[in-house]
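Engineer: In the working numbering, the protein residues as written are 12 to 868. If you scroll down you'll find the structure; I have some questions about it.
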Amino acid sequence: MAEDEEIYDFSTIEKKWQEFWERENTFRAEDQSSKPKYYALDMFPYPSGAGLHIGHPEGYVASDILARYKKACGFNVLHPMGWDAFGLPAEQYAIKTGTHPSVTTQANVDNFRRQIKSIGFAIDWEREINTTDPGYYQWTQWIFLKLFQRGLAYVDEKPVWWCPNLRAVLANEEVVDGKSEVGNHPVERRNLRQVVLRITAYAEKLLAGLDDLDWPDSTKRQQKAWIGRSEGAEVHFEIEASGEKLTVYTTRPDTLFGVTYMVVAPEHPLLSQLVISEKKQEVDDYVLASAKKSDLDRTDLAKEKSGVFTGSYCINPVNGEKVPIWVADYVLISYGTGAIMAVPAHDERDHEFAENFGIEIRQVIAHPDEDKEKGTLPYSGPGVMVNSGKYNGLEANICKSKIIADLEANGVGKGAVNYKLRDWIFSRQRYWGEPIPLVWVSAENYQKAKVIDGSLKDLIPENAVTTVQNGQILYALPIPSSELPLKLPEVENYQPSGTGESPLATISEWLEVWFDLETGKALSQTEPKPNGENWVTASRETNTMPQWAGSCWYHLRYIDPKNSEHLVAKDKEAYWQGPDFYIGGAEHAVLHLLYARFWHRFLYDEGVLANPEPYKKLFHQGLILGEDGNKMSKSVGNVVNPDLVIDAYGADSLRLFEMFLGPLEAVKPWSEKGIEGVHRFLRKVNRECRRSNKHLNGEETNKETLKVLHETILKVTDAIEDLRFNVAISQMMILINHLQKVESYSIDTAKILLQLLAPFAPHLAEELWQSLGEKPSIVNQPWPKARIELLVAEEITIVFQVNGKLRGQGQFPKEIDKDTVISAAKADTKVQSFLEGKEIVKEIYVPGKLVNLAVKG
RNA sequence: GCCCGGGUGGCGGAAUUGGUAGACGCGCCAGAUUUAGGAUCUGGUAUCCGUGAGGAUGUGGGGGUUCGAUUCCCCCCCCGGGCACCA
Numbered sequence: 012m013a014e015d016e017e018i019y020d021f022s023t024i025e026k027k028w029q030e031f032w033e034r035e036n037t038f039r040a041e042d043q044s045s046k047p048k049y050y051a052l053d054m055f056p057y058p059s060g061a062g063l064h065i066g067h068p069e070g071y072v073a074s075d076i077l078a079r080y081k082k083a084c085g086f087n088v089l090h091p092m093g094w095d096a097f098g099l100p101a102e103q104y105a106i107k108t109g110t111h112p113s114v115t116t117q118a119n120v121d122n123f124r125r126q127i128k129s130i131g132f133a134i135d136w137e138r139e140i141n142t143t144d145p146g147y148y149q150w151t152q153w154i155f156l157k158l159f160q161r162g163l164a165y166v167d168e169k170p171v172w173w174c175p176n177l178r179a180v181l182a183n184e185e186v187v188d189g190k191s192e193v194g195n196h197p198v199e200r201r202n203l204r205q206v207v208l209r210i211t212a213y214a215e216k217l218l219a220g221l222d223d224l225d226w227p228d229s230t231k232r233q234q235k236a237w238i239g240r241s242e243g244a245e246v247h248f249e250i251e252a253s254g255e256k257l258t259v260y261t262t263r264p265d266t267l268f269g270v271t272y273m274v275v276a277p278e279h280p281l282l283s284q285l286v287i288s289e290k291k292q293e294v295d296d297y298v299l300a301s302a303k304k305s306d307l308d309r310t311d312l313a314k315e316k317s318g319v320f321t322g323s324y325c326i327n328p329v330n331g332e333k334v335p336i337w338v339a340d341y342v343l344i345s346y347g348t349g350a351i352m353a354v355p356a357h358d359e360r361d362h363e364f365a366e367n368f369g370i371e372i373r374q375v376i377a378h379p380d381e382d383k384e385k386g387t388l389p390y391s392g393p394g395v396m397v398n399s400g401k402y403n404g405l406e407a408n409i410c411k412s413k414i415i416a417d418l419e420a421n422g423v424g425k426g427a428v429n430y431k432l433r434d435w436i437f438s439r440q441r442y443w444g445e446p447i448p449l450v451w452v453s454a455e456n457y458q459k460a461k462v463i464d465g466s467l468k469d470l471i472p473e474n475a476v477t478t479v480q481n482g483q484i485l486y487a488l489p490i491p492s493s494e495l496p497l498k499l500p501e502v503e504n505y506q507p508s509g510t511g512e513s514p515l516a517t518i519s520e521w522l523e524v525w526f527d528l529e530t531g532k533a534l535s536q537t538e539p540k541p542n543g544e545n546w547v548t549a550s551r552e553t554n555t556m557p558q559w560a561g562s563c564w565y566h567l568r569y570i571d572p573k574n575s576e577h578l579v580a581k582d583k584e585a586y587w588q589g590p591d592f593y594i595g596g597a598e599h600a601v602l603h604l605l606y607a608r609f610w611h612r613f614l615y616d617e618g619v620l621a622n623p624e625p626y627k628k629l630f631h632q633g634l635i636l637g638e639d640g641n642k643m644s645k646s647v648g649n650v651v652n653p654d655l656v657i658d659a660y661g662a663d664s665l666r667l668f669e670m671f672l673g674p675l676e677a678v679k680p681w682s683e684k685g686i687e688g689v690h691r692f693l694r695k696v697n698r699e700c701r702r703s704n705k706h707l708n709g710e711e712t713n714k715e716t717l718k719v720l721h722e723t724i725l726k727v728t729d730a731i732e733d734l735r736f737n738v739a740i741s742q743m744m745i746l747i748n749h750l751q752k753v754e755s756y757s758i759d760t761a762k763i764l765l766q767l768l769a770p771f772a773p774h775l776a777e778e779l780w781q782s783l784g785e786k787p788s789i790v791n792q793p794w795p796k797a798r799i800e801l802l803v804a805e806e807i808t809i810v811f812q813v814n815g816k817l818r819g820q821g822q823f824p825k826e827i828d829k830d831t832v833i834s835a836a837k838a839d840t841k842v843q844s845f846l847e848g849k850e851i852v853k854e855i856y857v858p859g860k861l862v863n864l865a866v867k868g
């Protein structure tokens with residue numbers, strides 16, 4: 012036997028077929044096709060300097076298997092790849108070395124592309140996108156302009172992390188335990204001017220849209236919790252001294268009679284007028300102290316509740332009682348109205364506070380269990396109302412709506428809905444991000460812009476977006492889409508400006524412009540002012556967009572990546588719609604997936620898109636841990652480099668093993684020995700397919716082989732559909748083990764095995780397919796169909812149980828009747844030994860499976 | 001604290017409209033082949049008792065439903081994830 016033929020030379024094979032696919036454009040997705048479409052999408056990577064991590068391919072392989080399988084099933088498949096390439100690391104590297112982030116990014120992208128290509132994915136590389144490409148981010152900016160036009164973007168002072176030592180704004184993830192990640196310096200909260208997107212306007216739609224999505228339940232639940240819808244009422248309490256209204260939000264209007272004090276947040280606008288002069292010093296000290304507290308301190312539940320009485324009272328609208336008003340930092344200014352009515356008997360937090368300060372605790376909901384009534388406060392469950400005037404005796408839950416109606420009738424409140432969701436801080440004080448296409452002008456010029464006919468006029472939102480700078484109110488004007496992309500200027504220094512502004516603020520020739528109120532054209536003020544009265548002075552917005560921006564809509568750009576006229580052409584969008592499958596890490600359960608839904612829904616509402624939801628079916632692959640069971644990390648030294656794995660075992664082995672590790676969604680450790688196992692399997696396939704002396708022409712004749720083969724077709728097909736790739740692989744192993752044992756088998760059998768294997772180990776499958784005399788590419792062959800009728804054996808095994816325990820078994824023809832089987836079971840010598848001296852009380856027969864004799868005595 | 005997900009051999013994991021627990025792979029043991037190693041092949045491998053045939057136990061722990069439970073119900077323990085004063 013020619014030993015050489017059996018060698019599995021994966022390096023040569025993989026190179027050969029990767030070149031073939033590229034040359035033949037095997038995986039080009041057709042925009043005009045009569046075939047049904049299938050769009051498999053991976054969360055695109057941030058191309059880091061560290062290169063591809065072993066965790067990246069896990070999801071990519073999964074989507075690739077689906078893509079190749081669907082292609083075999085006759086679909087026109089789109090499986091694209093691109094780069095989420097704006098972001099901090101490239102900028103930090105630039106600060107350190109002076110290398111322009113675009114240079115770093117390009118090098119990283121090249122490396123990522125090389126690595127991803129080496130794994131042999133069925134990717135249409137003609138559709139590659141890059142969020143830092145002006146041809147791409149021009150559309151990111153275009154979407155922003157739409158949001159701005161519709162009043163969904165505004166500017167506000169918002170607290171951010173500020174590091175005085177670094178003189179820089181830090182992102183949440185750059186702050187570890189109240190210190191800067193770089194240099195370990197103390198950080199503080201500081202208010203900075205931010206561009207904010209009004210995602211809260213979409214809270215209801217984002218919540219309702221979840222119902223129709225085929226997403227992991229846990230992810231839907233997380234989004235639901237994040238949006239945090241609650242129903243209740245706003246109630247107005249009249250302030251005794253001034254007659255003004257203090258409005259609170261409550262989900263428990265049924266406990267209004269149990270209110271014994273009120274609390275306003277330290278930042279509440281009415282606080283200063285509530286404080287009586289004797290209390291002023293104490294309250295001022297308290298407000299100052301809580302302002303200094305970090306978020307962490309303020310949300311520490313273990314902390315004792317603190318607060319100060321303001322000296323003022325208000326009137327409970329349901330019973331006219333005088334209620335003291337306190338200030339306490341356990342009430343948040345950012346939720347509801349920033350003020351609460353406190354019901355210590357039925358709210359844990361209020362109860363704790365009331366006990367601290369000796370405030371009355373008045374029960375108004377009876378505990379349903381009479382005996383437990385004492386000592387079980389606070390009680391927040393359902394019950395009958397007590398101490399509540401005319402509502403006494405009513406079921407509290409049912410009474411809520413009645414009370415709300417009464418409040419409304421009396422003009423002292425109304426039903427209200429609240430969300431935990433906050434507006435989205437959309438600006439970063441950074442260089443390496445999409446410039447925000449706005450300029451700032453004076454009030455006078457703004458008024459002019461609103462009346463001048465031109466491309467600008469219609470893009471201006473109904474309500475002006477303003478900011479205060481050096482005591483002057485400035486107005487935001489959009490840079491119209493005709494002037495996009497607004498490119499990042501070159502900068503000499505990537506250091507933050509030191510004032511908390513972006514490095515862009517330091518480039519005055521970019522910052523200060525002549526701006527044409529008619530056309531939206533801008534020209535640096537280093538140039539002479541153009542003629543025409545519509546040219547005014549303006550300064551550019553210096554903030555850039557967050558990394559989320561580019562990833563909010565990239566799934567659309569793959570459909571039409573080179574379109575310079577539109578974000579995506581209507582006909583292409585109509586054909587491709589959106590991804591049929593989207594895979595990525597669960598860490599994006601909320602932010603990316605919520606932001607992307609927001610933008611997509613907005614574009615749908617604007618008539619740009621035909622569908623409201625971007626990702627119909629979503630899946631999260633699980634984490635791959637190091638061999639030691641810990642998270643892979645450089646410092647632990649347990650990182651597996653995919654390049655080295657491919658060198659040693661080949662891309663096919665890597666692909667196969669990532670899928671064989673365990674369930675796709677599970678967290679599972681890597682294993683060097685394990686990859687040897689699947690590599691061995693591929694070698695077996697290679698060897699069997701090259702043993703021509705075992706191959707027979709014509710159809711498979713061995714019944715046993717035929718049965719295993721069709722069982723394998725069935726199981727592999729079902730397993731792929733269910734994303735249970737580990738099961739599919741083990742079934743193929745069963746088949747090859749069988750083929751190895753039989754003397755000979757039909758060459759067709761080998762070919763079918765290769766077709767089943769092709770989505771998992773495409774290079775080897777192509778090579779062997781060709782060596783068996785077929786024409787490439789195997790990906791264009793129709794998927795094999797299982798013949799179910801072959802799976803039913805003529806003889807079936809039926810097991811005998813006594814009291815549910817296995818005691819024997821027998822072979823029967825498949826059309827056997829119950830009585831025959833039961834008598835056979837009773838006649839079995841082993842079964843008999845367990846029946847001896849006992850009485851059979853029940854005989855159970857599960858057709859074709861088992862007999863169970865229940866005995867007594 | 002609250003809300004999820006999970007706990008099956010030495011290891012990764014199969015098996016659920018309730019019906020032979022441990023497929024497949026790894027590791028390990030024995031054997032074949034080989035000058036040797038590697039590679040490959042064959043057989044074995046949950047635990048305990050037993051020379052053996054065989055028996056008992058066994059899917060985190062306890063209880064329940066059932067002829068029969070990894071699967072359904074109740075309580076508890078452990079691990080992982082998310083949220084965290086949201087009124």
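All C-beta atoms in this analysis are idealised placements derived from N, C-alpha and C, irrespective of residue type, glycine included.
By how many angstroms is the C-alpha of glutamate 278 removed from the C-alpha of leucine 343?
Structural biologist: Here residue 343 refers to the residue found at position 332 of the first sequence. Here residue 278 refers to the residue found at position 267 of the first sequence. Roughly 8 Å between the two C-alpha positions.
Engineer: Glycine 269: buried (16+ other C-beta within 10 angstroms of its C-beta) or exposed?
Structural biologist: As a first step, residue 269 is located in the first sequence; it is residue number 258 there, counting from the start. It counts as buried.
Engineer: I need the straight-line Cα distance from glycine 444 to proline 514, nearest angstrom please.
Structural biologist: Walking along the first sequence from the start, residue 444 turns up at place 433. Walking along the first sequence from the start, residue 514 turns up at place 503. So the alpha carbons of these two residues sit roughly 11 Å apart.
Engineer: Would a C-beta distance cut-off of 8 Å place valine 275 and leucine 282 closer than the cut-off?
Structural biologist: One-based indexing of the first sequence puts residue 275 at position 264. One-based indexing of the first sequence puts residue 282 at position 271. It is a contact, given that the beta carbons lie within the stated cut-off.
Engineer: Kindly give me the distance between the Cβ atoms of threonine 142 and alanine 96, rounded to whole angstroms, as I take these residues to be in contact under 8 Å.
Structural biologist: Start at 1 with the first residue of the first sequence, and residue 142 comes out as number 131. Start at 1 with the first residue of the first sequence, and residue 96 comes out as number 85. Rounded, the Cβ-Cβ distance is 5 Å, consistent with contact.
Engineer: Output needed for glutamate 384: all residues of its chain with C-beta closer than 8 Å, excluding positions within five of it in sequence on either side, in chain order.
Structural biologist: In the first sequence, the residue the question calls residue 384 occupies position 373. Only weak support is given to the placement of glutamate 384: the predicted model assigns it a pLDDT of 47, under 50, and the value that follows is read from those uncertain coordinates. So the qualifying residues of the chain are Ala377 and His378.
Engineer: Taking its Cβ as the centre, do 16 or more other Cβ atoms sit within 10 Å of lysine 540, making it buried, or is it exposed?
Structural biologist: Counting from 1 along the first sequence, the entry for residue 540 is found at position 529. Classification of lysine 540: exposed, given that the 10 Å Cβ count is below 16.
Engineer: So the beta strand (DSSP E) tryptophan 174 belongs to, where does it begin and stop?
Structural biologist: By one-based count along the first sequence, residue 174 stands at place 163. Per the sequence shown, the amino acid found at residue 174 is cysteine instead of tryptophan. 164 to 174 is the extent of the beta strand (DSSP E) around cysteine 174.
Engineer: Using C-beta distances below 8 Å, list every residue in its chain close to tryptophan 451, excluding the 5 sequence neighbours before and after it, in chain order.
Structural biologist: Locating residue 451 in the first sequence gives position 440, counting from the first residue. Excluding positions up to five away in sequence, the list reads Thr478, Gln480, Leu485, Tyr486, Ala487, Leu488, Ala549, Ser550, Arg551 and Glu552.
Engineer: Taking the straight line between their C-alpha atoms, what separation do you get for histidine 67 and tryptophan 525?
Structural biologist: For this step, residue 67 is matched to residue 56 along the first sequence. For this step, residue 525 is matched to residue 514 along the first sequence. Answer to the nearest angstrom: the Cα atoms are 47 Å apart.
Engineer: Considering aspartate 53, what are the terminal residues of the beta strand (DSSP E) in which it resides?
Structural biologist: Here residue 53 refers to the residue found at position 42 of the first sequence. Per DSSP, aspartate 53 belongs to the beta strand (DSSP E) from 48 to 53.
Engineer: Grab the span of the beta strand (DSSP E) containing valine 803 for me, first residue to last.
Structural biologist: On the first sequence, residue 803 is found 792 positions in, with the first residue counted as 1. It is not in any beta strand (DSSP E) - valine 803 carries neither H nor E in the DSSP assignment.
Engineer: Kindly list the residues whose CB is nearer than 7 Å to the CB of phenylalanine 8, restricted to its own chain and excluding five residues on each side of it in sequence; keep chain order.
Structural biologist: With the chain running from 12 to 868 in the structure shown, residue 8 is simply not present.
Engineer: Please find out if some non-hydrogen atom of the ligand ZN comes closer than 7 Å to the beta-carbon of alanine 416.
Structural biologist: Ligands in the displayed structure: none, and consequently the ligand ZN is not present.
Engineer: So glycine 426 is in the beta strand (DSSP E); what residue range does that whole segment cover?
Structural biologist: On the first sequence, residue 426 is found 415 positions in, with the first residue counted as 1. Unbroken beta strand (DSSP E) run through glycine 426: 424 to 429.
Engineer: If you follow the beta strand (DSSP E) that phenylalanine 526 is in, where does it begin and where does it stop?
Structural biologist: Looking up residue 526 in the first sequence gives position 515. It spans 523 to 527 - the beta strand (DSSP E) in which phenylalanine 526 sits, taken as one unbroken run.
Engineer: By the three-class DSSP mapping on this structure, what secondary structure does tyrosine 346 have?
Structural biologist: Residue mapping note: residue 346 aligns to position 335 of the first sequence, counting from 1. Three-state DSSP puts tyrosine 346 in coil, outside helix and strand.
Engineer: Output needed for valine 198: all residues of its chain with C-beta closer than 7 Å, excluding positions within five of it in sequence on either side, in chain order.
Structural biologist: Indexing the first sequence from 1 puts residue 198 at position 187. Closer than 7 Å at the Cβ level, and outside the excluded window around valine 198, lie Trp172, Trp173, Cys174, Leu181, Val186, Gly189, Lys190 and Ser191.
Engineer: Is methionine 12 buried or exposed, if buried means 16 or more other CB atoms sit within 10 Å of its CB?
Structural biologist: Start at 1 with the first residue of the first sequence, and residue 12 comes out as number 1. The predicted position of methionine 12 is uncertain, since its pLDDT is 36 and thus under 50; a value taken from the coordinates is nonetheless stated next. Label assigned to methionine 12: exposed.
Engineer: With DSSP run on the structure shown, which of helix, strand or coil describes tyrosine 856?
Structural biologist: Locating residue 856 in the first sequence gives position 845, where the first residue counts as 1. If DSSP states are grouped into helix, strand and coil, tyrosine 856 belongs with the strands.
Engineer: Does the stretch 818 to 829 come close enough to the stretch 796 to 809 that 3 or more CB-CB pairs lie under 8 Å?
Structural biologist: Touching, yes, given that three or more Cβ pairs across the two stretches are closer than 8 Å.
Engineer: According to DSSP, simplified to helix, strand and coil, what is phenylalanine 592?
Structural biologist: In the first sequence, counting from the first residue as 1, residue 592 sits at position 581. Reduced to three states, the DSSP call for phenylalanine 592 is strand.
Engineer: Looking at the unbroken beta strand (DSSP E) that takes in glycine 243, where does it start and where does it end?
Structural biologist: Locating residue 243 in the first sequence gives position 232, where the first residue counts as 1. 241 to 250 is the extent of the beta strand (DSSP E) around glycine 243.
Engineer: In whole angstroms, give me the CA-to-CA distance for leucine 432 and leucine 163.
Structural biologist: Locating residue 432 in the first sequence gives position 421, counting from the first residue. Locating residue 163 in the first sequence gives position 152, counting from the first residue. Going by the C-alpha atoms only, they are around 15 Å apart.
Engineer: Less than 8 Å between the beta carbons of glycine 637 and asparagine 652, yes or no?
Structural biologist: Working through the first sequence from its first residue, we reach residue 637 at position 626. Working through the first sequence from its first residue, we reach residue 652 at position 641. The answer is no: Cβ separation not under 8 Å.
Engineer: Determine, using beta-carbon pairs with one atom in the stretch 592 to 605 and one in the stretch 72 to 82, whether at least three such pairs fall under 8 Å.
Structural biologist: With the cut-off at 8 Å, the stretch 592 to 605 and the stretch 72 to 82 touch.
Engineer: Which residues share a DSSP beta bridge with cysteine 325?
Structural biologist: Residue 325 sits at position 314 when you count from the first residue of the first sequence. For cysteine 325, which the question treats as bridged, DSSP gives the partners Ile250 and Val334.
Engineer: Using a Cβ-Cβ cutoff of less than 6 Å, which residues in the same chain neighbour asparagine 327 once the five nearest sequence positions on both sides are dropped?
Structural biologist: Within the first sequence, numbered from 1, the residue matching residue 327 stands at position 316. Excluding residues within five positions, the ones whose Cβ falls inside 6 Å are Val270 and Val334.
Engineer: Rounded to whole angstroms, what's the CA-CA distance from serine 508 to aspartate 121? Just pull it up for me.
Structural biologist: Taking the first sequence and counting its residues from 1, the one referred to as residue 508 is at position 497. Taking the first sequence and counting its residues from 1, the one referred to as residue 121 is at position 110. Rounded to the nearest angstrom, the two C-alpha atoms are 31 Å apart.
Engineer: Check this for me: beta carbons of valine 354 and valine 319, under 8 Å apart or not?
Structural biologist: Working through the first sequence from its first residue, we reach residue 354 at position 343. Working through the first sequence from its first residue, we reach residue 319 at position 308. Cβ atoms of valine 354 and valine 319: not closer than 8 Å.
Engineer: Cβ of glycine 661 within 8 Å of Cβ of phenylalanine 21?
Structural biologist: Counting from one through the first sequence, the residue named residue 661 turns up at place 650. Counting from one through the first sequence, the residue named residue 21 turns up at place 10. It is a contact, given that the beta carbons lie within the stated cut-off.
Engineer: Check each candidate in Met643, Leu602, Pro227 and Leu578 and name the one with the smallest Cα separation from tyrosine 615.
Structural biologist: Taking the first sequence and counting its residues from 1, one reaches residue 615 at position 604. Ranking Met643, Leu602, Pro227 and Leu578 by Cα distance to tyrosine 615 puts Leu578 first.
Engineer: For glutamate 538, is the classification buried or exposed, using 16 other Cβ atoms within 10 angstroms of its Cβ as the cut-off for buried?
Structural biologist: Reading the first sequence from its first residue, position 527 is the one you call residue 538. Counting Cβ neighbours within 10 Å, glutamate 538 comes out exposed, since fewer than 16 surround it.
Engineer: For isoleucine 799, count neighbouring C-beta atoms within 10 Å of its own C-beta (all shown protein chains included) and say buried if the count is 16 or more, exposed if not.
Structural biologist: Start at 1 with the first residue of the first sequence, and residue 799 comes out as number 788. Classification for isoleucine 799: exposed.
Engineer: What are the boundary residues of the alpha helix (DSSP H) that glutamate 715 is part of?
Structural biologist: The residue given as residue 715 occupies position 704 in the first sequence. First-last of the alpha helix (DSSP H) with glutamate 715: 714 to 732.
Engineer: So what does DSSP say about isoleucine 570, is it helix, strand or coil?
Structural biologist: Start at 1 with the first residue of the first sequence, and residue 570 comes out as number 559. The answer is coil: DSSP assigns isoleucine 570 none of H, G, I, E or B.
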